[in-house]
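To keep things clear, I will list the structure first and then write my remarks on it.
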Amino acid sequence: MFNCGVMIRKKITDKSSNLHQQSPLRRNCTNIKTLKQIHASMIVDGFDSNPSALRELIYASAISIPSAINYAHQLFAQITRPDLFTWNTMIRGSAQSPNPITAVSLFTQMEKRHVRPDNCTFPFVLKACTKLSWVKTGCAVHGKVVKFGFEWNSFGRNALIYFHANCGDIRVASELFDGSEKDDVVAWSALTAGYARRGELGVARKLFNEMPVKDLVSWNVMITGYAKRGEMESARELFDEVPKRDVVTWNVMIAGYVFSGEHERALEMFEEMRRVGEQPDEVTMLSLLCACADSGALDIGEKIHCSLLEMHSGGLSILLGNALIDMYAKCGSIQKALEVFRGMREKDVSTWNSIIGGLAFHGHSEESIRLFEEMRRLKIRPNEITFVEVLVACSHAGEVKQGHRYFNLMRDEYNIAPNIKHCGCMVDMLGRAGKLEEAFEFIDTMEIQPNAIVWRTLLGASRVHGNVELGRRANERLLGMRNDQSGDYVLLSNIYASQGVWDGVETVRKLMDDSGVRKEVGGSLIETNYVGSTPLFGDRDEYVVGLVRPPVAFVVTAPR
DNA sequence: ATAGGGTTAG
């Protein structure tokens, strides 16, 4: 703490230093606790009104510590006349925060106060518009770029290419690109990224091949394009070819494998990354925790947790905390999830969502609902995800009245319109409670269009309660949606079978045969044993995975 | 400046 304080003073008195360089504060202040300590020592030493000191502090909280953006806003509000660099820092930090709207409103404020933007301002504002998919706002900002004469500046133009390529009009992006210098690698990469994000990988690849110059980002753009579409073979080919790799290159590959469900590959990538000496960062660890959560690899998750505690002795970030809660909950260790939750000094909505969802998923409905109430007492605003989880909790607990109460609360008090998942939860809740007619009524009167899942939920509930008539009606609606999921037929077949209506079973079977629907054989994966050791986590090398045969009762429903 | 991660019904 005191070292950091000394560093600020050194920084402030060093007149020759370039403001845009990495200052010690920016490099060393990596968590909100250290940040607050530095701020406190600044106040004690009378540095809190020093403009350069404040600027450094704002940079650290807005850019270096992603979860400290609100702190940055508080600091920013104390400055009477922020300079352009500080405005840009705030817009940049807000654009990369989970709430990019603030970046747009900062830009508006900046205009009202007659602060003239520079070429650095627009890339950040347009990034926010892109993240929000605010096409109209982005186009209005395009007008400002022209107004301030940055259309012919490579920063301004590339920011426009980025915006139009990703969410505006790709033809506009293309035209702007044609006006670029032939060897502007940022323009090439921005356009390529846009085509890749739209799924036009062929066009993206053509551009990539045609680039007169490529840098590391160009390669990362193309690899990302493949990885996000699940084309991991192509991603791998480029990864093997790339002349230089950085932490992003590795992260893209790891996240791609996790996305494609190839968790073993993801872990192999990570091991390889460590072997060649690339330092993993927070994004790496988040992907790995996601892999553990998806595959139920509790022991690896625990080891990641341990190494995280060693790496970040000053406390884990909110994002890592949330990922740990989710991992522990999904791997069945709800106690550890609660421990992480209680140990977090800073929490956000996702933190609460992770634990409320985890508890609901594990059948601890009362505890889940209790925490939701605690959240409301603490005036933390639940979002639509929170309500999905709370409704799951009510559904599993059989709390029909409470569920209805929360469903109404969502709109009346929090102004959140129910989405298809909320409605799905309500149907599930009513269905489980045996209120099948009420569930049917709910679907028919709800404001949004029901989807197949909703009808399938009712169909499943009809099976549980042995209601052939409602099952038939639900199935009629379901099949009317022209989908070919074998589970729908199987469920209906099960309803008939459970009631001994054998000709009904036969009819459904015939329907399945005629439409060419096939029921896949069910199965589950569990860890049964492991052998050997890994250089990373100590004693683990490979899993022997056992395939558990489906239960015998299932055979009744499987096709010939 | 352009590239990377995140919780949600059955």
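Numbering of the first sequence is given in full-length UniProt numbering, commencing with residue 1 and proceeding in unit increments. The beta carbon of each residue, even a glycine, is placed where N, CA and C say it ideally should be.
The residues R245, D246, V247 and W250, in chain order, have a CB closer than 8 Å to that of E278 in the same chain once the five nearest residues on each side in sequence are set aside. D45 counts as exposed, since fewer than 16 other C-beta atoms from the protein chains shown sit within 10 angstroms of its C-beta. With at least 16 other beta carbons inside 10 angstroms of its own, M222 counts as buried. For L430, the secondary structure class from DSSP, reduced to helix, strand or coil, is helix. Our two residues, R81 and R55, have alpha carbons roughly 12 Å apart in a direct line. Per DSSP, reduced to three states, the secondary structure at D83 is coil, with no helix or strand assignment. Along the stretch 337 to 405, the alpha helix (DSSP H) occurs as fully enclosed runs of 4 or more residues at 349 to 361, 365 to 377 and 384 to 397, listed in sequence order. DSSP places Q78 in the coil class of the three-state scheme, outside both helix and strand. The DSSP-derived three-state label of R116 is coil. Cβ-Cβ separation between G301 and Y328: approximately 7 Å, consistent with a contact (criterion under 8 Å). In chain order, S61 place their CB closer than 6 Å to the CB of Y71, counting only its own chain and leaving out the 5 sequence neighbours on each side. Annotated as proximal: A360 and V390, with beta-carbon spacing under 9 Å.
Per DSSP, the continuous alpha helix (DSSP H) segment holding D178 begins and ends at I170 to D178. Annotation: the continuous alpha helix (DSSP H) that includes L319 extends over I318 to K330. I325 places its beta carbon 9 Å or farther from that of I369. Here F155 is near N119, since their CB atoms are less than 9 Å apart. In this structure, H422 and F372 do not form a Cβ contact; the two beta carbons are roughly 14 Å apart against a cut-off of 8 Å.
The shortest C-alpha to C-alpha distance from I43 to any of L75, A140 and V392 is the one to L75. Note on the stretch 266 to 322: whole alpha helix (DSSP H) runs with a minimum of 4 residues are 282 to 295 and 298 to 311, in chain order. Only exposed fits M481, as fewer than 16 other CB atoms lie within 10 angstroms of its CB. Residue state for Q449 is assigned as coil, using DSSP reduced to three classes.
Contact annotation: the stretch 180 to 193 does not touch the stretch 133 to 149, with fewer than three C-beta pairs closer than 8 Å. With a cutoff of 9 Å on beta-carbon distance, I453 and G431 are scored as not near each other. In this chain, the alpha helix (DSSP H) harbouring A235 covers M232 to E241. Residue state for E476 is assigned as helix, using DSSP reduced to three classes.
For the 9 Å CB-CB criterion, L458 and A433 do not form a contact.
Annotated as distal: V135 and A95, with beta-carbon spacing of 9 Å or more. DSSP places C167 outside both helix and strand once states are collapsed to three, so it counts as coil. N158 carries a helical assignment under DSSP once its states are collapsed to helix, strand and coil. Distance from the CA atom of A165 to the CA atom of D178, rounded to whole angstroms, is 13 Å.
About 11 Å separates the Cβ atoms of S218 and L191, ruling out a contact at the 8 Å cut-off.
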